[in-house]
Structure formats: C-alpha cells, structure tokens
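Visitor: Got a structure for you, written out below as structure tokens; questions coming shortly.
Numbering (my numbering), first residue to last: 240 to 975.
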C-alpha cells in the first residue's frame, strides 16, 4: 500500500499505476488530485487488474452522490450503466490490462466536475435535488454515445428501452441535456419527469464544459480537427499524438480562469487548439448567462508550449491596465464624489436581494458615517452580504453584476417581486478609487463566516482574512480618502451631493456626520409642495403605470387675480430607482419649456437603459414616444387647472385671452391625440383647432376641397379628420 500526500503528485506513482504495479488507497480529495494529474497527462492509470482507477473512482463518486436518491432512481441509474457497459463494450483485447470500460468517458466528466469545475455553491445546488443528481450521472454515462442531434434519430431517443431508460420522457430530458439543443425538455420551465425537477441548464452546461476540456473525448478531438483547414487531413489519433495536456484546472494566479497547459508538436494543431479555446470561452460565456448559479470561472486560457515550430497566433486583446484606468478615472466619471452614489446603490441592491430572500420581518437599513475629520467614510448596510464564492464570482469580476445574474433574475421572477436592482455593469465600486487610496470591506452572508478585504491597489493582491468575533449580516465599506486638494468644506461637499442625488430612495439613508448629528437622506416625496399663497401652483400627476412623476405650472398673481404665467427653467429632473440621473427640457414641448418643470422617477418595467456613468438615459424610440405622450397629457391637466382658476377669478377679458393663447402654445396640433383633445380646456382647445385650420387653409385647402386627402394622411386623429372634412362643406366661423 502506498500513502500519497495530497499536495504532491510524484510522477513515479503515476508510472506505477499505469503499469499496474501497485494498488492505491486514497481519500476522495487525494484521488481527485492524482486522477486529475493523470488525466492531464493523457494516462489511463489503473491498479493491478482490468478495472481502471478512473472507473473505481467513478464508482466511489457515484456512491457518494447517489446517497440521496430514492431506490427507484438508484435502480434506474444502475440499469442505464449496465446497459451502456453491455451494449457498447469494445472487443476483448489480447492484453486484458489494456481494455477500456465504456463508462470511462462519463466518469472523466464526473471527475472533472467534482475535482474543480463545479464550485461549492453549484454542488450544493445539485445535491439539494435528487433529480439533478440522477440526470447528471445518467447524461454523463450516455453523452459519449448520445450524438449531437436532438431529433428522433438520436441514439438515446431511438434506443431508450435498450439503454435501460425508464420511459420516453426521461429519454427526452437526457437527450436535451446531452445535445444542449434548446429544444424539448430544455425549453420547459422545469425539465421534469414524475416528481423529479431538474436544473437542466446547469446540468447540461456542466457536462458540455467537462467534455470540451477532456481531450480524450472523441467529440473534442473531432472538434479540434474541425478548426483545421480543409487542406490538412488528420485523424483523431494523429491529432492526439500532436499534443499533450500537462495540466488542467484553475489558474494558479488569475482568479476565475480555467487554464490548460499544453505541449504541442504541430503548428496546425496549435492554431486549431487556440480556436478551440475561443469556442470553449463562448460556451462558458453562454453558460454564465443562462445557468444558476453561474460558474466560478469566466475566462479560459490555453498556455501552449510549442516544440519544433514558431507559433503565430495574433488577435486583439485588451490592456487591463488601461481598462482599469478608464473605470476608475475622470474619463468615465466627471465628479469624484460619484463613489457615494455607487456605494449606496450597491447597498440598496444588497438590501433588496435580502428582502427578496427573506420577505418576512426584514427591515432594510443603510447608514453613512464620517469620522471626525472626514478622512474616512463608511457605508454600512444590512443587506444580503457576501461569502467567498460570491466574492470570487462577482465582486472580483469587472463587468459582471450579481444582481443581473440568472439566479437573481429567476429568483425575482419566481417570487413575482420587482425589487428594482440598480447595478448593471459591476463597475460602480471602482469609482471609489477616484477619492480613496485604501478601502476596507467587511462582509458576512447568513450561514457563512465573515470576511475582511483590504484593498490598497486594483493592480495588486487583496488582503482577505476571516473576521473575528460577531459581525452582523451585511456589508460595510470604509474608504480612506486622499487628502483634500481644496479648502472646500467636506461636510457640504459630500452631504449636499447625497441630498441632491438620493432624494427619492425607498430606503432612507441615515447620515452620521463628523459632529455626531444624524440626518435622514432620501425618502422624500416626489410631489411638488404648494406655496402658502395657493391658487398659483398647478400641479399635475403623470399617468405612468409603475413610475411616478409630477409637473408644476406656476402663475403670477400680484393682486386679486392671475394675470400671467410665471417663468420656470430646468425642464424635467429624471431619477431612476430614486437616484438622480439627468435634467433635460427635451421631454417638454418647445412651447412649454419656459414655464413648466417636472420630476420623474422611473421604476419597474418603465426603467430605461443608462450609460455606464449613469448620467445619461438611452431611450428607445418607443420609450421616448410614450414618455412624451404621458408628459403632454400631464400638461393638459396642469393647463386645465390654471384655466379653471382663471374662470373662478375676476380676470379681465384681454388677460384671459392672453393666458389662453399662451397655454395653447404648449400643444402642437400634430401631437394632440383624440384623448388629449377631449380633455383640453374648451378655450385652449378652440385655439389649437384654429391653428390647425389655418395650417390646412394655407397648405392643403385646395386639395382637400377637391376630395384629395393623400397629402394629409399623417393627420389621422378623429378631431383632425373632422376639421379636414369641414373644408368640403361650408367652413365654420374661426375661433377667437
């Protein structure tokens, strides 16, 4: 018996195993390392006898994984494995020690998944559901013979009875997993058979990635050949002889990267392997956008060492240093205080995610604290917190946001709650380096130990340590600010910024300033307040489905009656999820821009795409049309309120007519639909109609009288058509 430490893999042990000289008894982790090393070397290691170590390990892995299966599922799995071995065993070789078990390919898949490809979060997810465990093992055993077509000619669908599969529905799900065809069971909300529900996207993606990284798999070898030019004809055996995989697994230095170290002896194969690398990268990208939980890895790297040739592999690459400078500098953000907004957004998202997962009794809380000289700012929330898996999967990945991940989106969909996650790109935290030279993060996720992360440079390693003592669930970010380059009061500098940008948050933020005072920020009402001198403020709500917004039209009343409209500048202040985005007057009709202001807070399905710095909105054409229509209808209400006040007061006739004509300028006749026309104040409506008649009389009257309406086809509202039709009759008397 040989004892082997798990931290070292002597080549002599592999050689002895290969030659069948020794037996070996290892723990699961110890064997996993031995097996992975042998797999990387392309060795079919085995102890004495005809059964390979990989098969022995596979059985141990199966046994551990199948403990939670019902007796029926265990029997079904045993039947499948027995049928695969019976139907697909190769002829008995002259040397029994050289035989190949038909289940070896499936067990290599499972070994890769167990050794490193599946992270702890994914394995835990699979273990919670017996259906996932069954279909993972069944598909691993059947994938090497399952073909790539999900149609009726697929070997699994065509011979499911011979393969020991219980029924056609189970065969369909296994085929969908093996082929990743996006059809049949893969399109179901839950690929299910009987009472077993299955996370089909995760199971399928895991198997496909493992097969793609197993260069002993015939399908992988054929795929590499497919990346070679047609002039080069090579068999699978010749391709395999041209390179050796010397190591495979997590990259030792780059977090979240799969690394394969390959020694290659043919330039054509080298180029094909690099194309295969990009193919695996695409699969990984697609998987991370569709599976829940996503993989720990986001990059694939083949480090190919050439032998006997000079490789040429040229493609575009990204300068990571320049990219970090972009995300942390003024080229993206114009205000170095933006980190306050970004940190509060992250805290709000964390609170919303915890609210989604713990709907009963949870009360979100966010706080900001300054120290005595405001050299440190701490943002604290009692949100979901982070464990090590989430830190590696999301926090350390620039451009990836936990809150846009599949698991969070699907969780919100199942709960039928729109929690309004703000994070889009996963880069907001980097803005902290506009103002800080050191950042300390303390975080804990429920059920996991707390972690402390100290960051002094984005280009260096972080100091990550376990938190000592009790730390509440949530996250605390402390920024050590650089010395101020101005004499401006930092209290005003930061506090005023927060008050301006976080006015309408649904979760109030408690600010503890350097003097020990507590100020509540956010949770303001978006509704305009009326002046004490009432009867001059006309406030109209905007008729959104999910968002909220108000317009303000103000009149002048120096005496006992209104005599004109007051001027107003600023246009529409646009917030999204309670956080300020931009201010624009382009949403208002041109005639209203000098007299009307408004506030809009976009929520729910009416949110719009934002720029990376969250200071611009990218409206689609449909979104822009809809919001302008909502604002115009709000103007109808505000103008109606003002005209009602004019009618109730002793306003001179010339003043009334002046106000009426001024309000009518708000409404371009080509933008007034039938609903707006019906709701307009009658006096204002008459002026709008007169302007349309005058327009028609100047441009179209001669063709309309002749019955030719082709040139006026764009005026399709009923009220417009009625005026156009009136030109064929005796024209009505013009309005005032």
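In this text, a Cβ means the ideal position worked out from N, Cα and C, and glycines have one as well.
Using the beta-carbon count (16 or more within 10 Å), is residue 795 buried or exposed?
Guide: To locate residue 795, count along the chain shown from 1; it is residue 556. Taking every protein chain shown into account, the CB of residue 795 has fewer than 16 other CB atoms within 10 angstroms, so this residue is exposed.
Visitor: Across which residues does DSSP place residue 815 in a beta bridge pair?
Guide: Against the chain shown, residue 815 aligns to sequence position 576. DSSP, once it has assigned bridges, lists 818, 841 as partnering residue 815.
Visitor: Relative to the C-alpha of residue 709, which residue among 719, 690, 412 is closest?
Guide: Within the chain shown, the letter at position 470 stands for residue 709. A check of alpha carbon separations from residue 709 across 719, 690, 412 identifies 690 as the nearest.
Visitor: What is the C-beta distance between residue 606 and residue 619, in whole angstroms, given that I count them as a contact (C-beta under 8 Å)?
Guide: Translated into positions along the chain shown, residue 606 becomes position 367. Translated into positions along the chain shown, residue 619 becomes position 380. Here residue 606 really is in contact with residue 619; their C-beta atoms are around 5 Å apart, less than 8 Å.
Visitor: Restricting to runs no shorter than 4 residues, where is the alpha helix (DSSP H) found entirely within the segment 683-744?
Guide: As far as the segment 683-744 is concerned, its whole alpha helix (DSSP H) runs of at least 4 residues are 729-740.
Visitor: For residue 319, which three-state DSSP category applies?
Guide: Locating residue 319 in the chain shown gives position 80, where the first residue counts as 1. Three-state result, residue 319: helix.
Visitor: Per the DSSP calculation, residue 482 is bridged to which residue(s)?
Guide: In the chain shown, the residue the question calls residue 482 occupies position 243. Beta-bridge partners assigned by DSSP to residue 482: 503.
Visitor: Measuring straight from C-alpha to C-alpha, what distance separates residue 765 and residue 810?
Guide: As a first step, residue 765 must be located in the chain shown, where it is residue number 526. As a first step, residue 810 must be located in the chain shown, where it is residue number 571. Here the alpha carbon of residue 765 sits roughly 15 Å from the alpha carbon of residue 810.
Visitor: Please check the pair residue 216 and residue 737, which I expect to be a contact at CB under 8 Å, by giving their CB distance rounded to whole angstroms.
Guide: Shown here, the chain extends from 240 to 975; a query on residue 216 therefore has no answer.
Visitor: Does the structure place the segment 856-871 close enough to the segment 754-769 that three or more beta carbon pairs sit under 8 Å?
Guide: no
Visitor: Residue 625: which of 687, 892, 677 sits nearest, CA to CA?
Guide: Taking the chain shown and counting its residues from 1, one reaches residue 625 at position 386. It is 687 whose Cα lies nearest to the Cα of residue 625.
Visitor: Taking DSSP as the reference, what is the three-state secondary structure of residue 835?
Guide: Locating residue 835 in the chain shown gives position 596, counting from the first residue. Correct three-state label for residue 835: strand.
Visitor: Would you mind sorting residue 395 into buried or exposed? The rule is 16 or more other CB atoms within 10 Å of its CB.
Guide: Here residue 395 corresponds to residue number 156 of the chain shown, with the count starting at 1. Residue 395 should be labelled buried.
Visitor: Pull the bridge partners of residue 544 from the DSSP assignment, please.
Guide: Working through the chain shown from its first residue, we reach residue 544 at position 305. Answer by DSSP bridge pairing, in chain order: 502.
Visitor: Would you list the residues sitting across from residue 608 in a DSSP beta bridge?
Guide: By one-based count along the chain shown, residue 608 stands at place 369. Secondary-structure assignment with DSSP links residue 608 through a beta bridge to 617, 751.
Visitor: Can you list, in chain order, the residues of its chain with a C-beta nearer than 8 Å to that of residue 448? Leave out the 5 residues immediately preceding and following it.
Guide: By one-based count along the chain shown, residue 448 stands at place 209. Same-chain partners within the cutoff: 356, 519, 522, 523, 526, 534.
Visitor: Could you say which of 621, 838, 845 lies nearest to residue 823 if we only look at CA atoms?
Guide: In the chain shown, the residue the question calls residue 823 occupies position 584. From the listed residues 621, 838, 845, the smallest Cα separation to residue 823 is found for 838.
Visitor: Leaving out five residues before and five after residue 295 in sequence, what residues of the same chain have Cβ atoms less than 7 Å from its Cβ?
Guide: What you label residue 295 is simply residue 56 of the chain shown in a count that begins at 1. Caution applies to residue 295, whose pLDDT of 41 falls short of 50 and renders its modelled position unreliable; the model cannot decide the point.
Visitor: In chain order, which continuous runs of the beta strand (DSSP E) of length 3 or greater are located wholly inside the segment 762-800?
Guide: Counting only runs of 3 or more, we get 776-780, 787-795.
Visitor: Need the endpoints of the beta strand (DSSP E) that residue 861 sits in, please.
Guide: The sequence position of residue 861 within the chain shown is 622, counting from 1. Careful: residue 861 lies outside any beta strand (DSSP E), inside the alpha helix (DSSP H) at 860-887.
Visitor: What does a CB cutoff of less than 7 Å around residue 831 pick up in its chain, not counting 5 residues either side in sequence?
Guide: Here residue 831 refers to the residue found at position 592 when the chain shown is read from its first residue. Cβ within range, chain order: 874, 905.
Visitor: Applying the 10 Å Cβ sphere with the 16-neighbour rule, what's the burial state of residue 376?
Guide: Residue numbering aside, residue 376 sits at position 137 when the chain shown is read from its first letter. Burial call: buried.
Visitor: What distance in whole Å lies between the Cβ atoms of residue 381 and residue 464, which are believed to be in contact at a cut-off of 8 Å?
Guide: Taking the chain shown and counting its residues from 1, the one referred to as residue 464 is at position 225. Taking the chain shown and counting its residues from 1, the one referred to as residue 381 is at position 142. That belief does not hold up - the Cβ atoms of residue 464 and residue 381 are roughly 24 Å apart, past 8 Å.
Visitor: Based on DSSP bridge pairs, tell me the residues matched to residue 757.
Guide: Residue numbering aside, residue 757 sits at position 518 when the chain shown is read from its first letter. Per DSSP, 751.
Visitor: Which of helix, strand or coil does DSSP assign to residue 937?
Guide: By 1-based counting over the chain shown, the position of residue 937 is 698. Three-state DSSP puts residue 937 in a helix.
Visitor: Quick check on residue 715: buried or exposed, where buried means 16 or more other Cβ atoms within 10 Å of its Cβ?
Guide: Locating residue 715 in the chain shown gives position 476, counting from the first residue. With 16 or more Cβ atoms within 10 Å of its Cβ, residue 715 is classed as buried.
Visitor: DSSP on residue 808, reduced to helix/strand/coil?
Guide: Residue 808 sits at position 569 when you count from the first residue of the chain shown. Residue state, collapsed to three classes: coil.
Visitor: Tell me, which residues are paired with residue 681 by DSSP?
Guide: The count along the chain shown starts at 1 and reaches residue 681 at position 442. According to DSSP, which records beta bridges pairwise, residue 681 is partnered with 691, 715.
Visitor: Could you pull out every residue in the same chain whose Cβ sits closer than 6 Å to the Cβ of residue 361, ignoring the five residues on either side in sequence?
Guide: Reading the chain shown from its first residue, position 122 is the one you call residue 361. Closer than 6 Å at the Cβ level, and outside the excluded window around residue 361, lie 532.
Visitor: Exposed or buried, residue 515, counting other C-beta atoms within 10 Å across all chains shown (16 or more means buried)?
Guide: In the chain shown, residue 515 corresponds to position 276, counting from 1. Buried, by the Cβ-count rule.
Visitor: Do you know offhand how far residue 756's Cα is from residue 604's?
Guide: Indexing the chain shown from 1 puts residue 756 at position 517. Indexing the chain shown from 1 puts residue 604 at position 365. Cα-Cα distance, rounded: 17 Å.
Visitor: Measure the Cβ-Cβ separation of residue 804 and residue 834 and say whether it is below 7 Å.
Guide: Taking the first residue of the chain shown as 1, we reach residue 804 at position 565. Taking the first residue of the chain shown as 1, we reach residue 834 at position 595. Yes.
Visitor: Using the three-state DSSP reduction, which class does residue 394 fall into: helix, strand or coil?
Guide: In the chain shown, the residue the question calls residue 394 occupies position 155. Residue state, collapsed to three classes: helix.
Visitor: Which same chain residues end up closer than 8 Å to residue 615 when comparing Cβ atoms and leaving out the 5 residues on each side of it in sequence?
Guide: As a first step, residue 615 must be located in the chain shown, where it is residue number 376. For residue 615, where only same-chain residues beyond five positions count, the Cβ hits under 8 Å are 609, 717, 718, 719, 720.
Visitor: Terminal residues of the continuous alpha helix (DSSP H) containing residue 894?
Guide: Taking the first residue of the chain shown as 1, we reach residue 894 at position 655. DSSP places residue 894 inside the alpha helix (DSSP H), whose first and last residues are 892-903.
Visitor: Check each candidate in 778, 753, 850 and name the one with the smallest Cα separation from residue 870.
Guide: Within the chain shown, residue 870 is the residue found at index 631, counting from 1. Per the Cα distances, 778.
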